[in-house]
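J.:
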Amino acid sequence: ATEKEVFEVIEAISRDFIKITSQTLELDAAMKLLRLPNCGATSIFIGTTRDTFDGKEVLQLSYESYDEMAYPELRKLCSSVRATFPTVERLIVWHRVGEVPVTEASVIIAAASPHRKDAIQAVSMAIDELKARIPIWKKESYADGEHSWKENEE
Amino acid sequence: ATEKEVFEVIEAISRDFIKITSQTLELDAAMKLLRLPNCGATSIFIGTTRDTFDGKEVLQLSYESYDEMAYPELRKLCSSVRATFPTVERLIVWHRVGEVPVTEASVIIAAASPHRKDAIQAVSMAIDELKARIPIWKKESYADGEHSWKENEE
Amino acid sequence: METIPIRVLFFGKAREIVKCDEQSERVPVDADYQRLFKMIFEERFPELKEIASSCMLAVDQHFCRPDSKVELYPNSEIAVIPPLSGG
Amino acid sequence: METIPIRVLFFGKAREIVKCDEQSERVPVDADYQRLFKMIFEERFPELKEIASSCMLAVDQHFCRPDSKVELYPNSEIAVIPPLSGG
């Protein structure tokens with residue numbers, strides 16, 4: 180790899196923030212990474228655990244990830260988003276695994292860019308791609324003792 | 180107005196959070212309003228002051244609002260968004276006025292809904308409509324002593 | 001012709017040019033949009049002429065277009081609206 | 001026919017059905033996707049047959065489709081991928 184290529188890789192790594200964690204996802208921590216003086220637009224999507232599905236009470240959601248594959252797929256996802264929306268300066272894709280109580284965040288996706296359309300559309304693309312391509316699975320446990328492995332529609 | 184109509188108005192008011200303020204916009208406060216156990220998706224847009232325009236250093240942005248008109252227009256805006264995306268449960272449209280230092284938020288728009296597409300598209304529609312229809316004006320002051328009243332493109 | 005008192009409000013660049021937030025005027029009660037526009041941008045505040053083509057008027061907190069029907073009441077609020085730049 | 005050791009990984013509903021995270025197997029070095037799929041879903045873990053039609057395989061952290069070319073190496077990682085539900 181040439182020196183230029185090495186620097187490109189380093190820069191790409193430092194502008195994409197990817198994390199799969201069993202810890203609580205903290206929006207404040209994401210906001211600190213997004214605060215850039217040259218970016219006028221920040222778009223954020225937060226996916227949270229809902230308390231009902233099909234009329235059944237949901238007790239908890241539990242996520243599992245195939246980490247060894249999910250991380251490189253997330254890097255590819257970020258590259259695709261940047262290729263489509265090159266003005267995006269910072270991109271955050273965080274996913275929680277393990278048990279996620281109702282109203283807590285399972286996913287935070289965020290983008291900062293100079294203008295709003297790129298930030299908004301980059302986040303929209305990233306969550307669509309995450310649901311379609313990242314090897315992560317969600318189990319919903321209900322109050323009636325049943326559980327169900329979910330399937331993303333798209 | 181019938182009792183039903185009165186209740187509809189009250190509910191509409193309590194689900195739409197509109198604010199034009201000279202105070203700092205606090206994302207945490209917005210998040211508290213958006214945390215609903217039946218909503219799996221929260222989408223947020225934050226507009227912040229940028230440090231440069233056309234290569235010129237921006238010292239500060241200053242906003243002014245025609246409040247008596249901006250508030251009813253914001254209510255209409257929320258109604259349009261809800262008519263288009265009826266699953267939106269909570270809608271926040273906050274705008275700061277007066278001086279807004281670089282990297283601080285001039286606008287926070289957020290929506291919570293059971294599923295992601297409505298939340299994301301509602302926020303996108305709301306910021307577009309805000310820029311097109313709400314009587315608020317922005318003055319950019321530059322390091323060279325000049326200033327400029329901005330014009331939204333759309 | 002019967003005239004009524006109205007308030008003219010200035011915002012953004014218009015306020016800066018006129019150096020004034022608000023001004024009381026009297027206008028014919030049946031003035032239409034074109035008449036109001038001409039009165040404000042040519043007769044009373046000719047210094048606004050340079051931005052007239054990019055401005056519109058709001059009457060009693062409602063945006064008007066050149067073909068809008070205008071109903072004026074005593075103390076109606078006519079706002080000079082330069083291009084919006086919220087967000 | 002030369003065989004090599006591979007690891008089969010199970011996730012989500014597949015892991016639940018097999019009651020196992022990972023299992024070592026040996027497969028012919030030139031096994032293609034169809035062969036791997038049949039081996040896993042019919043021969044070694046027939047209890048997975050009920051979800052076979054909704055599953056795919058990933059080989060060494062890459063999604064495969066039925067017509068994908070597969071290159072196996074010693075200790076290659078074959079993951080059983082039920083429908084995704086991240087987000």
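So the sequence lines, in the order shown, correspond to chains H, W, U and V.
Number 259 in full-length UniProt numbering belongs to position 80 of the first sequence; there are no gaps in the numbering.
Number 242 in full-length UniProt numbering belongs to position 63 of the second sequence; there are no gaps in the numbering.
Number 7 in full-length UniProt numbering belongs to position 7 of the third sequence; there are no gaps in the numbering.
Number 60 in full-length UniProt numbering belongs to position 60 of the fourth sequence; there are no gaps in the numbering.
Note that beta-carbon positions come from the ideal geometry of N, C-alpha and C, so glycine has one too.
Since we're looking at a predicted model, the values are computed, not measured.
1. Closest Cβ-Cβ distance between H:S320 and chain V: below 9 Å?
2. Out of curiosity, what's the CA-to-CA distance linking H:Q300 and V:C55?
3. In chain B, which residues lie with their C-beta within 9 Å of the C-beta of W:I313?
4. Which of helix, strand or coil does DSSP assign to V:R15?
5. In the DSSP assignment, the alpha helix (DSSP H) including V:M56 goes from what residue to what residue?
6. By the DSSP assignment, the beta strand (DSSP E) with W:R269 in it spans what residues?
7. Which stretch, first to last residue, makes up the alpha helix (DSSP H) that contains W:A249?
8. Please list the terminal residues of the continuous beta strand (DSSP E) segment that includes W:A289.
9. Is V:P46 helix, strand or coil when you go by DSSP?
10. Quick one: Cα of residue 91 of chain V to Cα of V:F41, how far?
11. Would you please state the rounded distance, in angstroms, between the beta carbons of W:W328 and U:G12? I believe it to be under 8 Å.
12. Just how far apart, CA to CA, sit U:E25 and U:D60?
13. Hey, is residue 120 of chain V's beta-carbon within less than 9 Å of any beta-carbon in chain H?
14. Hey, is the segment 225-244 of chain H in contact with the segment 245-265 of chain W, meaning 3+ C-beta pairs nearer than 8 Å?
15. Run through DSSP, which three-state label would V:S76 get?
16. Between W:S201, W:K255 and W:F264, which has its C-alpha nearest W:E308's C-alpha?
17. Helix, strand or coil for H:I313? Go by DSSP, reduced to three states.
18. How would you write the range of the alpha helix (DSSP H) that V:F37 sits in, first residue to last?
19. Output needed for W:T282: all residues of its chain with C-beta closer than 7 Å, excluding positions within five of it in sequence on either side, in chain order.
20. Rounded to whole angstroms, what is the Cα-Cα separation between W:P280 and W:E268?
21. Mark W:T221 as exposed unless 16 or more other C-beta atoms lie within 10 angstroms of its C-beta, in which case mark it buried.
22. Mind listing the chain H neighbours of W:N217? Cutoff is C-beta to C-beta under 8 Å, in chain order.
23. Interface residues of chain V around H:V286 at Cβ under 9 Å?
24. Run through DSSP, which three-state label would V:R26 get?
25. For H:R295, which of helix, strand or coil comes out of DSSP?
26. Taking the continuous beta strand (DSSP E) assigned at H:L212, which residues delimit it?
27. Following the continuous beta strand (DSSP E) through H:F224, name the residue where it begins and the one where it ends.
28. Starting from the beta carbon of V:Q52, find every residue of chain H whose beta carbon is closer than 8 Å, and list them in chain order.
29. U:Y73 and U:L57 look like a contact to me (Cβ under 8 Å); what is the Cβ gap, rounded to whole Å?
30. Measuring only the C-alpha atoms, how far is U:V8 from U:I81?
31. Cβ of W:E330 less than 9 Å from any chain U Cβ?
32. Please look up how many angstroms separate the CB atoms of V:V27 and V:M39, rounded, as I've assumed it's under 8 Å.
33. Can you pull the chain H residues whose beta carbon is under 7 Å from the beta carbon of V:Q61, in chain order?
34. Give me the Cα-Cα distance between W:M304 and V:E43, rounded to the nearest whole angstrom.
35. Once the 5 residues before and after U:S68 are set aside, which same chain residues still bring their CB inside 7 Å of it?
36. Could you give the C-beta distance for W:V302 and W:A284, rounded to a whole number, given that I count them as a contact under 8 Å?
T.: Considering the structure as presented:
1. For H:S320, the nearest beta carbon of chain V is not closer than 9 Å to its own beta carbon.
2. 30 Å
3. Chain labels in this structure do not include chain B; the protein chains are H, W, U and V.
4. helix
5. Counting along the chain, V:M56 falls outside any alpha helix (DSSP H), though it belongs to the beta strand (DSSP E) covering M56 to V59.
6. R269 to R275
7. D246 to T263
8. A284 to S292
9. helix
10. Summary: the structure shown does not reach residue 91 of chain V, with chain V confined to residues 1 through 87, and so no result is reported for it.
11. 5 Å
12. 15 Å
13. Outside the shown range of chain V, which is 1 to 87, sits residue 120 of chain V, and nothing can be said about it.
14. no
15. Look at V:S76 here: in three-state DSSP terms it is strand.
16. W:K255
17. Coil.
18. Y33 to K38
19. T227 and T228
20. 32 Å
21. buried
22. R229, D230 and T231
23. G86 and G87
24. Strand at V:R26.
25. helix
26. First-last for H:L212: L206 to L213, but that is the alpha helix (DSSP H), not the beta strand (DSSP E).
27. A220 to T227
28. A small fix is needed here, since residue 52 of chain V is Ala in this sequence, not Gln. Correct list: empty, because the minimum Cβ distance to chain H is about 15 Å.
29. About 15 Å; that fails the 8 Å criterion.
30. The alpha-carbon atoms of U:V8 and U:I81 are separated by roughly 11 Å.
31. yes
32. Rounded, the Cβ-Cβ distance is 6 Å, consistent with contact.
33. Those are E247, M248 and P251, listed as they occur along chain H.
34. Distance between the alpha carbons of W:M304 and V:E43: 53 Å.
35. Y33
36. Actually they do not touch by this definition, with Cβ atoms about 14 Å apart.
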